[in-house]
Amino acid sequence: MSRISSCFQQLEASGRKALIPYLTAGDPDIATTLSLMHALVANGADIIELGFPFTDPTSDGPVIQRAVERALANNTSLKDVLDTVSRFRKENADTPVVLMGYLNPVECMGYQAFVDAAEEAGVDGILIVDMPPEESHDLKQIVDKSHIDMIFLIAPTTSDERAAQICAQSSGYVYYVSLKGVTGAGHLDIESVKSNLARFRSQTELPVGVGFGIKNAESAALIADIADAVVVGSALINKIEELQAGTPYSIEDLQQHISLINDMRKAMDC
Amino acid sequence: MSAPKPLEGKYSGPDEHGHFGQFGGIFVGETLMPALEQLNRKYAELKADPEFWAEFDYDLAHYVGRPSPLYFAERMSDALGGARIYLKREDLNHTGAHKVNNTIGQALLAKAMGKTRIIAETGAGQHGVASATVAARLGLECHVYMGVDDIKRQAPNVYRMKMLGANVVGVDSGSCTLKDAMNEALRDWATNVDNTYYIIGTVAGPHPYPMLVRDFQSVIGREAREQCLEMTGRLPDTLVACVGGGSNAIGLFHPFIPDESVAIVGVEAGGHGLETGEHAAPLCTGQPGVLHGNRTYLMNDENGQILDTHSISAGLDYPGVGPEHAWLKDLRRATYTAVTDDETLEAFRYLTRMEGIIPALETSHAIAWVMKEAPKLPSDHIIIVNLSGRGDKDMNTVADIEGLEV
Ligand SMILES: Cc1ncc(COP(=O)(O)O)c(C=O)c1O
Chain D
1 MSRISSCFQQ LEASGRKALI PYLTAGDPDI ATTLSLMHAL VANGADIIEL GFPFTDPTSD
61 GPVIQRAVER ALANNTSLKD VLDTVSRFRK ENADTPVVLM GYLNPVECMG YQAFVDAAEE
121 AGVDGILIVD MPPEESHDLK QIVDKSHIDM IFLIAPTTSD ERAAQICAQS SGYVYYVSLK
181 GVTGAGHLDI ESVKSNLARF RSQTELPVGV GFGIKNAESA ALIADIADAV VVGSALINKI
241 EELQAGTPYS IEDLQQHISL INDMRKAMDC
Chain S
1001 MSAPKPLEGK YSGPDEHGHF GQFGGIFVGE TLMPALEQLN RKYAELKADP EFWAEFDYDL
1061 AHYVGRPSPL YFAERMSDAL GGARIYLKRE DLNHTGAHKV NNTIGQALLA KAMGKTRIIA
1121 ETGAGQHGVA SATVAARLGL ECHVYMGVDD IKRQAPNVYR MKMLGANVVG VDSGSCTLKD
1181 AMNEALRDWA TNVDNTYYII GTVAGPHPYP MLVRDFQSVI GREAREQCLE MTGRLPDTLV
1241 ACVGGGSNAI GLFHPFIPDE SVAIVGVEAG GHGLETGEHA APLCTGQPGV LHGNRTYLMN
1301 DENGQILDTH SISAGLDYPG VGPEHAWLKD LRRATYTAVT DDETLEAFRY LTRMEGIIPA
1361 LETSHAIAWV MKEAPKLPSD HIIIVNLSGR GDKDMNTVAD IEGLEV
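From first to last, the protein sequence lines are chains D and S.
132 is the number that this note's numbering gives to position 132 of the first sequence; each next residue is one higher, with no gaps.
Heads up, this note's numbering is the position in the second sequence plus 1000, with the first residue counted as 1.
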């Protein structure tokens, strides 16, 4: 069983929901990213979505765009991101790591080289935002021969029929985009998430994570009531934005700084 | 990657998934996938409906002023002393460039789909003006995304858009040019997908845009073919057009693709010279990758990050190119080359003084190629140049370079 599946199984056994923070690798610098990953786990994260930067993040709002710009100012490459996962794995054998980003850096590295390197580094899932299942055939064939899960997105605009096809292509979990818009948008509507999830649940046995627009402990708890996993991105990046590049932060300092994750954990568990 | 096959007289594309060989396709976030499917279905339905094309032709005739003339540039041909040069006068269209052919077509689609809000990206501002124009005519709300650097260098067009009632949104992320305007338009579309129609201004973006923009622009080549036969009794020997995203070029080229005797040349923006890296010539220097919804030739670094581009003309200042051009390059049906900013400026001045036609800086790239190549060709060689737009919008840029104030 994949690390992601056993993670969800354990959570289910203890009656809890997964908390999945997203951060952009290389923001504010790649050393801090590694420390932040450990701090996230210490604060209660179950799975980490690690973004690899791309110059043109068309599904992201201004907060993640700025994070990407900071990461690129440090010349963070996909290879650097994979190295960071390797280093994380030396100290943490359990927490699944999902690489998330846009296709062009992967195309440039080559699909086979990318999947080999990702497996070697200890990556558990990949989610390519701008690669719908229709275009994923070549990459998926390679991924399917590895231990890596391939995660796809479902959106409020997705029809039932299409959702069934997407779920059939997915493994690990499926990611429901909670709203029409980009990451960090302000118009999360819990009722519409609820009714759409009800629509998609019947299509799949896989756990369903919900992301986009989840900002605080309160909204995390509301989403945890109706989904299997809560993904938080921009709200965390807002905190990371306050950190300085080139500063050696201790994991304890970072835990303090991103106590938001701790607050979400507590709110989701009670 | 499959090895490119020679053409052998057959040409069709894209396939039903929007692929031109290995290029094209649909690479967007899931939120937009259903909208693209819907657009694809609607376009397939209307494409088969003669009434849709009758309405398109009517608008082109009565609103745009088509057919645009094919003009024999006799003085220029004589002065260059080689090939006979014919100019396809898209600069005479309403709003001053080929861009309006496409916005007329897409406006009909938007209307048929019941959308109430139009968005567009623009570089030179010509597509923005053409979008604002059709939106005004239909009484639709219109938002145009434009890089802040382009807002500065194409000020007259910004003012025109505002006069037409459009909201011009300055984009200050990334390189502050066309690429970033397109990013922002895609974000807007994902947010307002229910009521919004996105009019993409060139043959790039996700399927079906490269196909439908090509279909609308192909009126250029169909007319040019007929006009050339009528005026000269035969087909041209060479077609030439500037290539930004590639819409004016594909519009001229497409109806001639099966005519294997016709050479096809696309001219990219060579900026300060291909060897300097400061240019916008992905077909000349790039490799296949994925940006803005399709796979095509791109300018990126060894890590797959998109590079900043440079061109004197805002409309060519883009790191990608339409996927059909990428395919035509690999099929070796078309050749792609580049000219520098300096050659472009010289061509701009040359055509202005030689023929009394002030071309857009984008268009001047194609003219610069003609100035270099026409003298080497025999006098029975016929070149058709797509005169994609007029240069009024570029007065400030050129005056600046000459140290003058407008
Ligand atoms: C006059 C003119 N020609 C050419 C272009 C380049 O676009 P395309 O390559 O799509 O024709 C533009 C774009 O703004 C333009 O305004």
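Virtual Cβ for every residue (Gly too), placed ideally from N, Cα, C.
F54 of chain D places its beta carbon 9 Å or farther from that of N92 of chain D.
For L1186 of chain S, same chain residues with a beta-carbon under 8 Å away, outside a window of 5 residues either side, are V1028, L1032, Y1198, H1292 and G1293 in chain order.
Remark: the shortest separation between the CB of H1098 of chain S and any heavy atom of ligand 1 falls under 8 Å. Beta-bridge partners of H1143 of chain S (DSSP): S:I1119 and S:N1167.
Listed as beta-bridge partners of P21 of chain D by DSSP are D:V232. The three-state secondary structure of R1084 of chain S, taken from DSSP, is strand. From the listed residues D:F152, D:Q255, D:L179 and D:S178, the smallest Cα separation to Q169 of chain D is found for D:F152.
Proximity of L153 of chain D to chain S, defined by a Cβ-Cβ separation below 9 Å, is satisfied.
Residue burial is scored here from C-beta neighbours: E1405 of chain S has fewer than 16 other C-beta atoms within 10 angstroms and is therefore classed as exposed.
Around the beta-carbon of H137 of chain D, fewer than 16 other beta-carbon atoms lie within 10 Å, marking it exposed. Below 8 Å, enough C-beta pairs join the segment 140-148 of chain D and the segment 112-119 of chain D to call them touching: three or more.
Relative to V231 of chain D, the option among D:M268, D:E241 and D:Y249 whose CA is nearest is D:M268. Taking S1218 of chain S as the centre and dropping the five residues before and after it, the same chain places the C-beta of G1251, H1254 and P1255 closer than 7 Å to its C-beta, in chain order. Chain-ordered, the chain D residues with CB closer than 7 Å to the CB of H1017 of chain S read E134. By the beta-carbon neighbour count (other beta carbons within 10 angstroms, threshold 16), Q10 of chain D is exposed. Inter-residue distance for A71 of chain D and L1307 of chain S is about 15 Å (C-alpha atoms, whole angstroms). For the pair of segments examined, the segment 1317-1333 of chain S was found not to touch the segment 1220-1236 of chain S: the number of CB pairs separated by less than 8 Å stays below three. Shown here, Y1318 of chain S sits in coil according to DSSP, grouped into three states, outside any helix or strand. Listed by position along chain S, the residues whose Cβ is nearer than 8 Å to that of A185 of chain D are T1191.
Under DSSP, Y1071 of chain S forms a beta bridge with S:L1087.
Near chain D, meaning a CB-to-CB distance below 9 Å, the residues of the segment 1010-1035 of chain S are H1017, G1025, I1026, F1027, V1028, G1029, E1030, T1031, L1032, M1033, P1034 and A1035. One thing to note: A1073 of chain S has its Cβ no nearer than 9 Å to the Cβ of L1377 of chain S. Within 10 angstroms of the beta-carbon of G246 of chain D lie fewer than 16 other beta-carbons, which makes it exposed. In this structure, DSSP gives F1027 of chain S an extended state, which the three-state scheme calls strand.
In this structure, G1389 of chain S places its C-beta atom within 9 Å of the C-beta atom of Q1126 of chain S. Straight across, the Cα-Cα distance linking E135 of chain D with M1299 of chain S is about 22 Å. The closest heavy atom of ligand 1 lies less than 8 Å from the beta carbon of V1243 of chain S. It is roughly 25 Å from the alpha-carbon of G26 of chain D to the alpha-carbon of V143 of chain D. Residue-level contact check: D29 of chain D does not touch chain S, since none of the beta carbons of chain S fall below 9 Å from its beta carbon. Per DSSP, the unbroken beta strand (DSSP E) holding Y175 of chain D starts and ends at V174 to V177.
Annotation: the segment 1322-1354 of chain S contains the following complete segments of the beta strand (DSSP E) (minimum length 3 residues), in chain order: 1335-1339. Residue contact check for S1068 of chain S against chain D: no CB pair falls below 9 Å.
Note that the C-beta distance between S1173 of chain S and Q65 of chain D is below 9 Å. Remark: C-beta atoms of K1099 of chain S and G1320 of chain S do not approach each other more closely than 9 Å. For A118 of chain D, the enclosing alpha helix (DSSP H) starts and ends at Y111 to A121.
For the segment 1288-1306 of chain S, the set of residues with a beta-carbon nearer than 9 Å to any beta-carbon of chain D comprises P1288, G1289, V1290, L1291, H1292, G1293, R1295, L1298, N1300, D1301, E1302, N1303, G1304, Q1305 and I1306, in chain order.
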